[in-house]
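Asker: Before I ask anything, here is the structure I am working with.
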Amino acid sequence: MISKKLSKIAQDDKQYLFQNYGDRLPVCFAKGDGSYLFDQDGRRYVDFFSGISVCNFGYLHKPLQRALHEQIDRILHSSNWYYNAEQIEAARLISELAFPGKTLFVNSGTEANEAAIKLARRYGKSRDKRCSYIISFENSFHGRTYGSMSATGQEKIRKGFEPLVPGFIILPFNDLSAFKKTIRKNRKICAVITELIQGEGGIQLADSEFITELSNLCREREILLIVDEVQTGIGRTGQTFAYQHYTITPDILTLAKGLAGGIPIGALHAPSEIAAFLERGSHGSTFGGNHLACAAAVSVLKELKKQKTVDHIRRISEFLFSELTKLKDETDSIREVRGLGLHIGIELNKPSSALVVRALENGLIINCTAETVLRIMPPLNIPLKVVREGLQILRKTLIENR
Ligand code: PLP
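Converting from the sequence shown to the working numbering requires adding 65 to each position, the first position being numbered 1.
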């Protein structure tokens, strides 16, 4: 039953907002606390979604709140005409947690990839004017602006927006021979952009062998490897960055979502000699890396540096995978449980969107991706007790909808 309050909200949404997001789920969150969310009528939900892996330390996280309050009392924004101490500190922490290099701050994931694409083309053109092709993969998702959308390997995202940005070659994911064949035939490739776990593509993992070989070939041919960790970065997979599960180091790492725990931000990070290709005047953003966003990022990155954060993610991940595997054996609707850390997909044998609605009614926030995959991405600091509570609701929902 939809309350009067929610019904008025839904009506106003239709009247005043673009309807580009399709039907919203019937809830309007008014508050969060730890790993719980509370709706317009005060009802409590277990959060297994973190606002698409953004609120990675849940809600009202004390260190983040403190950092934000202190920053609000000092300065929100000045602009990139001036030095910015919070930006420098956030970049220093990224260098420490990823690899030594330089960071450029923007405002979202798609902007981070957009800047990475621009950087890659400047790099390519420094060798040969025509060296501008970029390889991406089927089922990938890199964002909704033109460059990132043109790189995205999903027809449904690109459809109706043609002409797209030229120069993208979309290959099957995890297919080494297709990759080898393409780079043999086309010498004008400046970069490859890939996720290591395709999040919007249904939690599909890159094969270790594929990524290692791809990275070696890129190095040999002086092709930049852009790793899009907008969704998988910031501890989500049990390592600070997902590439750390593999034996590779990206040439360009893109980040966003969880980086500032809920304040809009994006970033790309690259070794100094690569960063240098975006020279003075070649790129910029008014808001990119403002004081508030970077103060939040500093707080999040400091939290990630703590061994106890990583230990907790791994412990909760192990527990979740083991319980979900039991659930798979118990119900006949689960085909596969896959993922890394707290980036988990449950592949069902039927479309999963109805289950998301049923779970919501039962008090659990989960999401569906790639039609049949339930996606679970709880806050990284979710207590075991709340995980048990969420799993109980998930079990009940799956059994009710057998
Ligand atoms: N790249 C990946 C891997 C993503 O998952 C997303 C968003 O879901 C993006 C890029 C785009 O990020 P944003 O929505 O912040 O532009």
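Heads up, the beta-carbon is just placed ideally off N, CA and C, and yes, glycines get one too.
Can you tell me whether Arg380 is buried or exposed, with buried defined as 16 or more other CB within 10 angstroms of its CB?
Answerer: Counting Cβ neighbours within 10 Å, Arg380 comes out exposed, since fewer than 16 surround it.
Asker: Run through DSSP, which three-state label would Asp394 get?
Answerer: Helix, per DSSP.
Asker: Excluding the 5 residues preceding and the 5 following Val292 in the sequence, name in chain order all residues of the same chain whose CB lies nearer than 6 Å to its CB.
Answerer: Tyr308, Pro315, Leu318, listed in sequence order.
Asker: Measuring CA to CA, which of Glu465, Ser382, Leu413 is closest to Phe113?
Answerer: Cα-wise, what sits closest to Phe113 is Ser382.
Asker: Three-state secondary structure (DSSP) at Asn432?
Answerer: It is a strand residue.
Asker: Considering just the uninterrupted stretch of the beta strand (DSSP E) at Leu290, what are its terminal residues?
Answerer: From DSSP, the beta strand (DSSP E) with Leu290 extends over 289 to 293.
Asker: Report whether the distance from the Cβ of Lys322 to the nearest heavy atom of the ligand PLP is below 7 Å.
Answerer: Under cutoff, so the answer is yes.
Asker: Considering only residues of the same chain and omitting the five flanking positions on each side of Glu161, which have a CB-CB separation below 8 Å?
Answerer: So the qualifying residues of the chain are Lys370.
Asker: Do the CB positions of Lys70 and Asp98 come within less than 8 Å of each other?
Answerer: Contact: no.
Asker: Lys96 bridges to which residues according to DSSP?
Answerer: Paired residue(s): Phe103.
Asker: Taking the alpha helix (DSSP H) that Ser280 belongs to, which residues open and close that run?
Answerer: Per DSSP, Ser280 belongs to the alpha helix (DSSP H) from 273 to 286.
Asker: In whole angstroms, give me the CA-to-CA distance for Asp394 and Leu420.
Answerer: Whole-angstrom Cα-Cα distance: 18 Å.
Asker: Please determine if the segment 330 to 345 and the segment 168 to 187 are in contact, where contact requires at least 3 C-beta pairs separated by less than 8 Å.
Answerer: In short, these stretches touch, since the Cβ pair count reaches three.
Asker: Tell me, to the nearest whole angstrom, how far the beta carbon of Arg423 is from that of Asn466; I am working on the premise that it is less than 8 Å.
Answerer: Indeed they touch by this definition, with Cβ atoms about 6 Å apart.
Asker: State yes or no: is the C-beta of Gln457 nearer than 7 Å to some heavy atom of the ligand PLP?
Answerer: Answer for Gln457: no, Cβ out of range of the ligand PLP.
Asker: Under three-state DSSP, which class holds Ile313?
Answerer: Coil at Ile313, not helix or strand.
Asker: Can you give the Cα-Cα distance for Leu320 and Glu278, rounded to whole angstroms?
Answerer: In a straight line, the C-alpha of Leu320 is about 23 Å away from that of Glu278.
Asker: Measuring CA to CA, which of Tyr147, Ile222, Ser418, Tyr198 is closest to Thr247?
Answerer: Nearest of Tyr147, Ile222, Ser418, Tyr198 to Thr247, Cα basis: Tyr198.
Asker: Under 7 Å Cβ to Cβ from Ile235, same chain only, skipping five residues before and after it: list those, please.
Answerer: Ser201, Phe202, Glu203, Gly218.
Asker: DSSP state of Gly212, grouped into three classes?
Answerer: If DSSP states are grouped into helix, strand and coil, Gly212 belongs with the helices.
Asker: Between the alpha carbons of Ser68 and Arg460, how many angstroms are there, rounded?
Answerer: Taking the straight line from one Cα to the other gives about 26 Å.
Asker: Can you list, in chain order, the residues of its chain whose CB lies under 6 Å from that of Gly323, leaving out five sequence neighbours each side?
Answerer: Only Ser118, Val119, Asn121, Ile299 meet the Cβ criterion.
Asker: For Ser280 and Ile313, which I take to be in contact (beta-carbon distance under 8 Å), what is that distance rounded to the nearest angstrom?
Answerer: That pair is a contact at about 4 Å.
Asker: Any idea if Met214 is buried or exposed, counting beta-carbon neighbours within 10 angstroms, 16 or more meaning buried?
Answerer: Its Cβ being crowded by 16 or more others within 10 Å, Met214 is buried.
Asker: What is the DSSP secondary structure of Arg139, counted as helix, strand or coil?
Answerer: In this structure, Arg139 counts as coil in the three-state DSSP scheme.
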